[in-house]
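Residue numbers for the sequence shown follow my numbering, beginning at 16 and rising by one.
C-beta atoms are modelled at their ideal positions from N, C-alpha and C, and glycine is treated no differently.
None of these values were measured; they are calculated from a predicted model.
Read the structure below first, then the notes.
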Amino acid sequence: MAISVDEVRTVARLARLALDEARVEELAHELGKILGYVDQLNELDTSNVEPTLQVGTLSAPLREDVVRPGLEAVAAYREAPRTSPDGFLVPGFVDESSGKKGGA
């Protein structure tokens with residue numbers, strides 16, 4: 016399955032990734048190969064295979080919660096695309112035609 020360089024550019028823009036043209040073309044090729052492999056997997060007959068949620072018996076080891084220094088507010092604000100004195104500004108996510116608004 017092919018993925019276009021325009022699709023790679025769109026995803027990169029949404030993810031706020033700065034990619035040069037050579038990297039965009041490289042990723043289009045690599046992602047196309049990955050999607051081609053997924054297409055091959057989709058062709059497998061799995062009708063006699065029981066669905067599973069987990070194939071291994073390993074579990075994640077638990078560790079003690081330890082309070083550690085975090086990111087200072089000034090540093091967090093510096094990395095945010097948009098802020099206000101009250102916090103971070105995010106794009107709206109509710110259809111404004113419904114009369115309800117979300118985000119800034």
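{"Asked": "Distance between residue 105 and residue 51 (C-alpha atoms, nearest Å)", "Found": "35 Å"}
{"Asked": "Cβ pair residue 19, residue 43 closer than 9 Å", "Found": "yes"}
{"Asked": "Collapsed DSSP secondary structure at residue 85 in the structure displayed", "Found": "coil"}
{"Asked": "Helix, strand or coil at residue 35 according to DSSP, with G and I counted as helix", "Found": "coil"}
{"Asked": "Status (buried if at least 16 other CB within 10 Å, exposed otherwise) for residue 82", "Found": "exposed"}
{"Asked": "Assigned secondary structure, residue 98 (DSSP; H/G/I helix, E/B strand, else coil)", "Found": "strand"}
{"Asked": "Same chain only: Cβ atoms within 6 Å of residue 23, ignoring 5 sequence neighbours per side", "Found": "39, 42 and 43"}
{"Asked": "Nearest residue (CA-CA) to residue 46, options 108, 95, 27 and 91", "Found": "27"}
{"Asked": "Identified DSSP bridge partners for residue 103", "Found": "98"}
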